[in-house]
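Enquirer: Questions regarding the structure given below will be posed in turn.
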Amino acid sequence: MYPEFAKWVQSHRDLPVLLNQWCNVVRWEFKDPTPFLRSREFLWQEGHTAHATLEEANDMVYEILELYKQVYENVLAVPVIKGVKTEAEKFAGGFFTTTVEAYIPGSGRAIQGATSHNLGQNFGKMFEISFEDKDNATKIPWQTSWGLTTRTIGVMIMAHADNKGLVLPPAVAPQQVVVVPIPHKEVLPEELEEHCKALEKSLRASGVRVKVDARENYNPGWKYNHWELKGVPIRIEVGRNEVKEKSAMLAVRYSGAKEPYAGSVEGLGAFVKQRLAEIQDAMLAKATEDRNAKLQVVTEWKAFVPALNDKCLCLTPFCDEDAMLAKATEDRNAKLQVVTEWKAFVPALNDKCLCLTPFCDEEEEEEKVKEASRSEAQQLS
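So the working numbering is basically just the index in the sequence shown, starting at one, shifted up by 631.
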């Protein structure tokens, strides 16, 4: 792609170049696959841009990072932490890498959700990409790259699922509501079908994705389990009482609560639409609460590993110097050879620095990183 950039970009009038593609990627050097999270082949969205100035490239990096955060939080109901990758973890050859990191309560591990890179000017130099600015001076553009993969599906599953199966946020559920008729000897099949169709009509009129499971070869209990496994946000049960009273019984997947609806059939669609929005918000709130309960500030080594073993995310000072990190690892390993008590301070799982400067006050922290990148760019030039 970048050899083509060299052909496309000749003048400042050709900038910015903004490209996005959806494609499949194959990892050739690969072992230990994990479905959705790390597979040999995966689908991803990949963006590449070129800009005249560092400031424009930085703005693009953070605009995309915020977009990725919104995908996770507003669509998948998964809270993420925005930040900057360490020098060891940034994209090879890039200027700096930003990231959104999610937390999986079941395993106590964090997982990289998506990244947005400022590639700097290195790739422009490698591929001889240059342009003539307004003052007729030849310059190298600043480039960015960013991507989001089907890992998002795996993160969503692990963040919300339970022992019954999937728990899908309403925003992404293929079927937001399933209507399950419950046959009864006191209710004619025609009456039951008519009421189910009336409920379906009301729901569809409000834009709800709904399915009536009228299969006669499965009993209602089997259908309950089937749709719980698939994670449908709301199940509507229609039995004798619901037909007689022209009502409905709602079962909410994420909480397991049963909620009777006694309003008009015509008003069901609007009611369910509102409940779906509330469920979406509640799922994000619960996932955020679970994450924050395992977010721990650590300033001493003796507290660091026990916190990791307690499945916590640790906010800890980090100088981001390779020599210091290597020395700390060497000192720990040396003590492990001679001091048995140190075995209590070895993490059960590998520890890894996820990001520097987590953006708690996002605008302030992002501006700090932008200022640091400007200073570094001046030094390089």
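We put the CB at the ideal spot given by N, CA and C, even for glycine.
As the structure is a prediction and not an experimental result, all values here were calculated from the model.
By DSSP, does T783 sit in helix, in strand, or in coil?
Expert: If DSSP states are grouped into helix, strand and coil, T783 belongs with the helices.
Enquirer: Go through the region 819-849 residue by residue and report every complete run of the beta strand (DSSP E) that reaches 3 residues or more, in order.
Expert: The region 819-849 contains these whole beta strand (DSSP E) runs: 841-843.
Enquirer: Tell me which residues share the same chain as G778 and place their Cβ nearer than 8 Å to its Cβ, disregarding the 5 neighbours each side in the sequence.
Expert: Excluding residues within five positions, the ones whose Cβ falls inside 8 Å are W675, Q676, E677, G678, A745, T746.
Enquirer: Between which two residues does the beta strand (DSSP E) carrying R740 extend?
Expert: Here the beta strand (DSSP E) through R740 covers 740-751.
Enquirer: Over the uninterrupted alpha helix (DSSP H) stretch that includes W932, give me the two end residues.
Expert: That run of the alpha helix (DSSP H) goes 932-940.
Enquirer: Is it true that the CB of V869 sits closer than 8 Å to the CB of H815?
Expert: No, the pair does not count as a contact, with Cβ atoms beyond the cut-off.
Enquirer: Applying the criterion that 16 or more other CB atoms from any shown protein chain within 10 Å of the CB defines a buried residue, is E859 buried or exposed?
Expert: Classification for E859: buried.
Enquirer: Going by Cα to Cα distance, which pick from W853, P820, V811 is closest to V841?
Expert: Of W853, P820, V811, the residue nearest in Cα terms is V811.
Enquirer: For W659, which of T783, V839, W653, R669 has the nearest alpha-carbon?
Expert: Checking every option, the nearest Cα to that of W659 belongs to R669.
Enquirer: Look up H679 in the DSSP assignment and give the residues it is bridged to.
Expert: According to DSSP, H679 bridges with L650, S776.
Enquirer: Output the distance between the C-alpha atoms of T919 and K716, rounded to the nearest integer angstrom.
Expert: The straight-line gap from Cα to Cα measures roughly 22 Å.
Enquirer: Over what stretch of residues does the alpha helix (DSSP H) that includes E759 continue unbroken?
Expert: No alpha helix (DSSP H) holds E759; DSSP gives it neither H nor E.
Enquirer: Beta carbon of V896, beta carbon of E822: below 8 Å?
Expert: Going by C-beta atoms, V896 is not nearer than 8 Å to E822.
Enquirer: For A733, which of helix, strand or coil comes out of DSSP?
Expert: Of the three classes helix, strand and coil, the one that applies to A733 here is strand, per DSSP.
Enquirer: Beta carbon of P647, beta carbon of E687: below 8 Å?
Expert: Closer than 8 Å, so yes.
Enquirer: Where does the unbroken beta strand (DSSP E) through Q807 begin, and where does it stop?
Expert: Here Q807 belongs to no beta strand (DSSP E), and DSSP marks it neither H nor E.
Enquirer: Measure the Cβ-Cβ separation of K756 and I771 and say whether it is below 8 Å.
Expert: It is a contact, given that the beta carbons lie within the stated cut-off.
Enquirer: Have a look at V657, L830, H682, K721 and flag the residue whose alpha-carbon is nearest the alpha-carbon of Y892.
Expert: For the residues V657, L830, H682, K721, the minimum Cα distance to Y892 belongs to L830.
Enquirer: How close, in whole Å, do the beta carbons of A733 and V711 come, if the pair is a contact with beta carbons under 8 Å?
Expert: At roughly 5 Å, the Cβ-Cβ gap stays under 8 Å, so A733 and V711 are in contact.
Enquirer: Please state whether the Cβ-Cβ distance between H682 and F762 is less than 8 Å.
Expert: Contact flag unset, no.
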